[in-house]
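Colleague: Protein chains in written order, with my numbering: chain V, 4 to 338; chain P, 4 to 338. Take this structure, written in structure tokens, and hold onto it; I'll ask about it next.
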DNA sequence: AAGGTTTCCGAAAACGTTTCCGAAACAAAA
DNA sequence: TTTTGTTTCGGAAACGTTTTCGGAAACCTT
């Protein structure tokens, strides 16, 4: 079965190709009757303009690409949905790719997107410091990009981020106020800015309350990592009075191990997570966590991108910092 | 900044456009030295073939589209990752879209994908009976498609599904064996085949054990729906001895309400869910659930699709049924 | 009736490739 | 030497659009 092209329509109606094109593009220089006639018979024939050809000549696609490092956790999907909401509204289609936390596939993803001539990109980096040269080139070549969540400072692009410092501060403060003086921080991947900021917030809270800085333990964003760290603590008999984890996943993994070893939460050890996962309010005890405005992140990223696309060129990158909330639950409540 | 085209490369080397093209396409009729020379200087100039133009002429893209109804739950993301694994391997890029459970956006997604000339589609339907005419047309026009998870019978395409009947049967049987005689089934959306099959399995187990068929309550795949149903049961004083839910979400939502009303699980009421969510093993009590081989689903779907693409035309649609597992946990344990 | 505008449309170039066809150039065979 | 074959390459058409340019017709204006 062959595709029906603009030529078929033109031939059928004995008009020129350009006239048909005009009908489909709302050009001013066409009589309304002929336009309607063309539209009608085109519809009947089942003709739809081929966007590939259109892209080739127009150099735009009405497609937006979103690249995320993973999406088995609900965080990124929720962000994507937020972005999609407003992009669909504006007539854009949203293409999603996931990099599996590998900067190499991330790079390939970007290539595919660019090759497909997306009009803009929304990206959350998988790792830092790997692709930034490529991104710099891309930005130089005027590709509209906005980064979110996982960003790197020295990239001249719009960013929408979360105030990790502030909320890590609040989360730690919450534990300090409850009387905890021996808090361990499970950090995130070292190379992520967001990890650094959460760590800084953790320290800052200690300083404010004139408490000696708490210990930090390296730990990635997974339950397994949290569990492993917890086990080590128990074996080394270095169990703190509270744990502030840089992610809900690691917090939950650790909680599980402590529970299995007979520790009572929050009596024996208190927990605070970060970046509210779906699990947080359903596990027992419910996990105190900092929740990020996922949907909002997606929406502002999308709006920023659209703005940039429309003003093309004369656009100065903005960084938008969004606010969160500390959901206090049982896992950190004083008894 | 303008794109570097094949012409630029050709001009620079004083060769023709076709020669450059040949160099990039491993054609036989080109001398190896010139080929290497071209490849080298093209690399230096930063030239990469424009896939849009290539698609236009070749009518293929090396892109595969995957469309899912949602991805805030881990199920679909995991399937996608399975598919992506094997597709990337074969040199395909994977474009993902999500329909938000709306058949209309699903339809638009399909259009976008087709317009972008994907070489094949992997789809999980959002609702049945809405788009099937469109899909029939698409299949007629030789677009390779494989459906998974949410499928509709009378579509002549490959499918990879889960044996919902069998595992609903086992899940119910598990409850019956534990002595429960008053089991309520929270069904999924009525129009989905998988809901129907799970319901049939539920009934079949009853019949095998010569127990009067249990009650069914309509309930969609969300925690809220489960909670609402649970509340009604409590208010109407129609609390059964066990609940078999068609999804973990509804099970968990219901569990929460029952716990809040002082019911002890599994003593007062037992629970079994379906389609193992990440929550299942982390809530308290841990939820017994049927787990699906998500990664495997994605992989077989991808393989089926590739096979279909390669054998083009002379391909007979297959339906592959995958196996699962019943993870028995506290929520359904006899005391 | 002449001139000037406006409205509508067709021809053709362009976007960046691939591919078909044929032509050099050269070697091998007669 | 001529013929045949092989290798390597260039020219040009094609993919399906959009867009520029120009021209014909129709409509006004004096």
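Ideal Cβ placement from N, Cα and C applies to all residues, glycine included. Remember, predicted model here, so these are calculated numbers, not experimental data.
Since residue 272 of chain V is in the alpha helix (DSSP H), which residue starts that stretch and which ends it?
Modeller: Counting from 1 along the first chain, the entry for residue 272 of chain V is found at position 269. That residue, residue 272 of chain V, is in no alpha helix (DSSP H); it is neither H nor E in DSSP.
Colleague: Given residue 193 of chain V, which residues of its chain have a CB within under 6 Å of its CB, disregarding the five upstream and five downstream residues?
Modeller: If you number the first chain from 1, residue 193 of chain V lands on position 190. Cβ within range, chain order: n/a, list empty.
Colleague: So is residue 54 of chain V in contact with chain P if we call contact Cβ pairs under 8 Å?
Modeller: The residue you call residue 54 of chain V lines up with position 51 of the first chain. Yes, residue 54 of chain V counts as interfacial toward chain P.
Colleague: Less than 8 Å between CB atoms is the rule here; does residue 286 of chain P satisfy it with respect to chain V?
Modeller: Translated into positions along the second chain, residue 286 of chain P becomes position 283. Answer yes: the Cβ-Cβ gap between residue 286 of chain P and chain V drops below 8 Å somewhere.
Colleague: With 8 Å set as the bound, which would you pick, yes or no: does the beta-carbon of residue 241 of chain P sit closer than that to a beta-carbon of chain V?
Modeller: Indexing the second chain from 1 puts residue 241 of chain P at position 238. By this cut-off, residue 241 of chain P is not an interface position.
Colleague: If you check the beta carbons only, do residue 287 of chain V and residue 149 of chain P fall under 8 Å apart?
Modeller: Taking the first chain and counting its residues from 1, the one referred to as residue 287 of chain V is at position 284. Taking the second chain and counting its residues from 1, the one referred to as residue 149 of chain P is at position 146. Not in contact: residue 287 of chain V and residue 149 of chain P (Cβ atoms no closer than 8 Å).
Colleague: Report buried or exposed for residue 251 of chain V, applying the criterion of at least 16 other Cβ atoms within 10 angstroms of its Cβ.
Modeller: Counted from its first residue, the first chain places residue 251 of chain V at position 248. Buried.
Colleague: Which residue from P/109, P/304, P/249 puts its Cα closest to that of residue 225 of chain P?
Modeller: On the second chain, position 222 is the one that residue 225 of chain P refers to. When only C-alpha atoms are compared, the closest one is P/249.
Colleague: Between V/240, V/147, V/220, which lies nearest to residue 63 of chain V when the distance is taken from Cα to Cα?
Modeller: Counting from one through the first chain, the residue named residue 63 of chain V turns up at place 60. Each of V/240, V/147, V/220 was checked against the Cα of residue 63 of chain V, and the nearest Cα belongs to V/147.
Colleague: Can you list the beta strand (DSSP E) stretches of 3 or more residues lying completely in the segment 63–130 of chain V, in chain order?
Modeller: 66–71, 96–101, 123–126
Colleague: What residue does the alpha helix (DSSP H) around residue 304 of chain P start on, and which one ends it?
Modeller: Locating residue 304 of chain P in the second chain gives position 301, where the first residue counts as 1. Run containing residue 304 of chain P: 297–314, per the alpha helix (DSSP H) assignment.
Colleague: Using three-state DSSP, classify residue 154 of chain V as helix, strand or coil.
Modeller: Along the first chain, one-based indexing puts residue 154 of chain V at 151. If DSSP states are grouped into helix, strand and coil, residue 154 of chain V belongs with coil.
Colleague: Output needed in chain order: residues of the segment 31–46 of chain P with a Cβ under 8 Å from some Cβ in chain V.
Modeller: none
Colleague: Report back the beta-carbon spacing between residue 171 of chain P and residue 200 of chain P to the nearest angstrom; my notes put them in contact at under 8 Å.
Modeller: By 1-based counting over the second chain, the position of residue 171 of chain P is 168. By 1-based counting over the second chain, the position of residue 200 of chain P is 197. The beta-carbon separation of residue 171 of chain P and residue 200 of chain P, rounded to 7 Å, stays under the 8 Å limit for a contact.
Colleague: Measure from the alpha carbon of residue 343 of chain V to the alpha carbon of each residue in V/78, V/205, V/13, then state which is nearest.
Modeller: As displayed, chain V neither begins before 4 nor continues past 338, which places residue 343 of chain V out of reach and without an answer.
Colleague: How would you list, in chain order, the residues of chain V whose beta-carbon sits under 8 Å from the beta-carbon of residue 251 of chain P?
Modeller: Start at 1 with the first residue of the second chain, and residue 251 of chain P comes out as number 248. Per Cβ cutoff of 8 Å: no residues; residue 251 of chain P is ~11 Å from chain V at best.
Colleague: Where residue 296 of chain V and residue 34 of chain V are concerned, what is the direct C-alpha to C-alpha distance, given to the nearest angstrom?
Modeller: Along the first chain, read from residue 1 onward, the residue named residue 296 of chain V stands at position 293. Along the first chain, read from residue 1 onward, the residue named residue 34 of chain V stands at position 31. Each residue's CA atom was taken as its position, placing residue 296 of chain V and residue 34 of chain V some 50 Å apart.
Colleague: For the ligand GDP, any of its heavy atoms closer than 7 Å to the Cβ of residue 233 of chain P?
Modeller: Inclusion of the ligand GDP in the displayed structure is not the case, the ligand content being empty and no account of it being possible.
Colleague: Given residue 298 of chain P, which residues of its chain have a CB within under 7 Å of its CB, disregarding the five upstream and five downstream residues?
Modeller: Working through the second chain from its first residue, we reach residue 298 of chain P at position 295. Excluding residues within five positions, the ones whose Cβ falls inside 7 Å are 81, 84, 85.
Colleague: Within 8 Å (strictly less), CB to CB, does residue 96 of chain V reach chain P?
Modeller: By 1-based counting over the first chain, the position of residue 96 of chain V is 93. By this cut-off, residue 96 of chain V is an interface position.
Colleague: Three Cβ pairs or more, each shorter than 8 Å: is that satisfied between the segment 91–101 of chain V and the segment 86–106 of chain P?
Modeller: yes
Colleague: Can you give me the start and stop residues for the alpha helix (DSSP H) that residue 224 of chain P sits inside?
Modeller: What you label residue 224 of chain P is simply residue 221 of the second chain in a count that begins at 1. Run containing residue 224 of chain P: none; DSSP gives neither H nor E here.
Colleague: Locate the alpha helix (DSSP H) running through residue 250 of chain P, then write down its first and last residues.
Modeller: Position 247 of the second chain holds residue 250 of chain P. Per DSSP, residue 250 of chain P belongs to no alpha helix (DSSP H) and is neither H nor E.
Colleague: Put residue 37 of chain P into one of helix, strand or coil per three-state DSSP.
Modeller: Counted from its first residue, the second chain places residue 37 of chain P at position 34. Three-state result, residue 37 of chain P: helix.
Colleague: Taking 8 Å as the threshold (C-beta atoms), are residue 256 of chain P and residue 230 of chain P in contact?
Modeller: Counting from one through the second chain, the residue named residue 230 of chain P turns up at place 227. Counting from one through the second chain, the residue named residue 256 of chain P turns up at place 253. Yes, they are a contact pair.
Colleague: Give the residues from the segment 267–281 of chain V that approach chain P closer than 9 Å (Cβ to any Cβ), ordered along the chain.
Modeller: Of all residues in the segment 267–281 of chain V, the ones placed with a Cβ closer than 9 Å to any Cβ belonging to chain P are 280, 281, in chain order.
Colleague: Could you pull out every residue in the same chain whose Cβ sits closer than 8 Å to the Cβ of residue 121 of chain V, ignoring the five residues on either side in sequence?
Modeller: By one-based count along the first chain, residue 121 of chain V stands at place 118. Around residue 121 of chain V: 64, 66, 67, 68, 98.
Colleague: Can you have a look at residue 129 of chain V and say buried or exposed, based on whether 16 or more other CB atoms are within 10 angstroms of its CB?
Modeller: Counting from 1 along the first chain, the entry for residue 129 of chain V is found at position 126. With 16 or more other Cβ atoms within 10 Å, it is buried.
Colleague: Please state if the CB of residue 335 of chain V and the CB of residue 177 of chain V are separated by a distance shorter than 8 Å.
Modeller: Here residue 177 of chain V refers to the residue found at position 174 when the first chain is read from its first residue. Here residue 335 of chain V refers to the residue found at position 332 when the first chain is read from its first residue. Residue 335 of chain V sits close to residue 177 of chain V, with the two beta carbons spaced by under 8 Å.
Colleague: Give the residues of chain P in contact with residue 74 of chain V, contact being defined as C-beta atoms less than 7 Å apart.
Modeller: Counted from its first residue, the first chain places residue 74 of chain V at position 71. What residue 74 of chain V touches in chain P: 74, 80.
Colleague: Given this structure, state the Cα-to-Cα distance separating residue 31 of chain V from residue 76 of chain P, to the nearest angstrom.
Modeller: For the purposes of this step, residue 31 of chain V is taken as the residue at position 28 of the first chain. For the purposes of this step, residue 76 of chain P is taken as the residue at position 73 of the second chain. Looking at the two C-alpha atoms, the distance is approximately 48 Å.
Colleague: Do residue 185 of chain V and residue 244 of chain V have their C-beta atoms within less than 8 Å of each other?
Modeller: Indexing the first chain from 1 puts residue 185 of chain V at position 182. Indexing the first chain from 1 puts residue 244 of chain V at position 241. Yes, Cβ-Cβ distance for residue 185 of chain V and residue 244 of chain V is below 8 Å.
Colleague: Taking Cβ-Cβ distances shorter than 9 Å, what residues in chain V pair up with residue 330 of chain P?
Modeller: In the second chain, residue 330 of chain P corresponds to position 327, counting from 1. None at all; the shortest Cβ gap to chain V is about 16 Å.
Colleague: Spell out the partners DSSP gives residue 2 of chain V in its beta bridges.
Modeller: It is not possible to answer for residue 2 of chain V, since the shown part of chain V is limited to 4 through 338.
Colleague: Suppose contacts are defined by Cβ-Cβ distances below 8 Å. Is residue 307 of chain P in contact with residue 161 of chain P by that definition?
Modeller: As a first step, residue 307 of chain P is located in the second chain; it is residue number 304 there, counting from the start. As a first step, residue 161 of chain P is located in the second chain; it is residue number 158 there, counting from the start. Yes, these two residues count as a Cβ contact at 8 Å.
Colleague: Taking C-beta to C-beta, are residue 158 of chain V and residue 140 of chain V nearer than 8 Å?
Modeller: Stepping through the first chain from its first residue, residue 158 of chain V is reached at position 155. Stepping through the first chain from its first residue, residue 140 of chain V is reached at position 137. No.
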